[in-house]
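Residue numbers (my numbering): 3 to 151.
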């Protein structure tokens, strides 16, 4: 376990800028690069796996997201499409290192939301899509907790 803790210590799990410079489809609005990041950050908020730092810096955004007053994309845009270690609690970091950093999130995202769409960037930011993957992430969290206990 200590190897995992030191490995995730300063992790940047994702950054929308990397997607802009990658194979992001030119025919899509740039906001689409934020969707998958915002969905995950929103799930972290809904499951209270965020850090004290994030709570202090984003208390209004946390409240507004929990009230469904801002979307996953807007949440992600506010944080510049950034998912880094300082946003997550200790448990949130360990789980994110395992799940997001290990590629399982992207696998689940594609399996549950991609369907016939040409890329992950074509997935729409809807509460239906959020709810569909949020349930899957929660099951992954539950399984991960069993794995580490």
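Glycine residues also receive a C-beta, built at the ideal position from the N, C-alpha and C atoms. Since this is a predicted model, take the numbers as computed values, not measurements.
Go to residue i, then tell me how far its alpha helix (DSSP H) extends in each direction, as first and last residue.
i           : result
residue 84  : Run containing residue 84: none in the alpha helix (DSSP H); it sits in the beta strand (DSSP E), 84–86.
residue 110 : 106–111
residue 145 : 129–150
residue 122 : Careful: residue 122 lies outside any alpha helix (DSSP H) and carries neither H nor E.
Excluding the five sequence neighbours on either side, which residues of its own chain have a C-beta within less than 8 angstroms of the C-beta of residue i, listed in chain order?
i           : result
residue 88  : 53, 55 and 56
residue 111 : 38, 41, 122, 125 and 135
Apart from the five residues on each side of it in sequence, which residues of its chain come closer than 6 angstroms, Cβ to Cβ, to residue i?
i           : result
residue 79  : 36
residue 127 : 37, 73, 74 and 75
Just how far apart, CA to CA, sit residue i and residue j?
i           : j           : result
residue 122 : residue 138 : 17 angstroms
residue 108 : residue 26  : 15 angstroms
residue 149 : residue 96  : 12 angstroms
residue 44  : residue 77  : 7 angstroms
residue 101 : residue 124 : 22 angstroms
residue 21  : residue 143 : 26 angstroms
Buried or exposed for residue i, going by 16 or more other Cβ atoms inside 10 Å?
i           : result
residue 24  : exposed
residue 175 : Since the first residue shown for the chain is 3 and the last is 151, residue 175 is missing from the structure and cannot be characterised.
residue 151 : exposed
residue 34  : buried
residue 62  : exposed
residue 119 : exposed
residue 32  : exposed
residue 51  : buried
residue 4   : Residue placement at residue 4 is poorly supported in this model, since its pLDDT is 36, which falls under 50; the coordinates still yield a value, given next. Exposed is the call here.
In the DSSP assignment, find the unbroken beta strand (DSSP E) run with residue i in it and report its ends.
i          : result
residue 17 : 14–17
Report all residues from its chain with a CB closer than 7 angstroms to the CB of residue i; omit the five preceding and five following residues, and keep chain order.
i          : result
residue 47 : 64, 67 and 68
Using 8 angstroms as the Cβ pair cut-off and three pairs as the minimum, do the region 79–87 and the region 16–35 touch?
Flag = yes, the region 79–87 and the region 16–35 touch.
Do the region 106–117 and the region 127–144 make contact, defined as three or more Cβ pairs closer than 8 angstroms?
They touch, by the three-pair rule.
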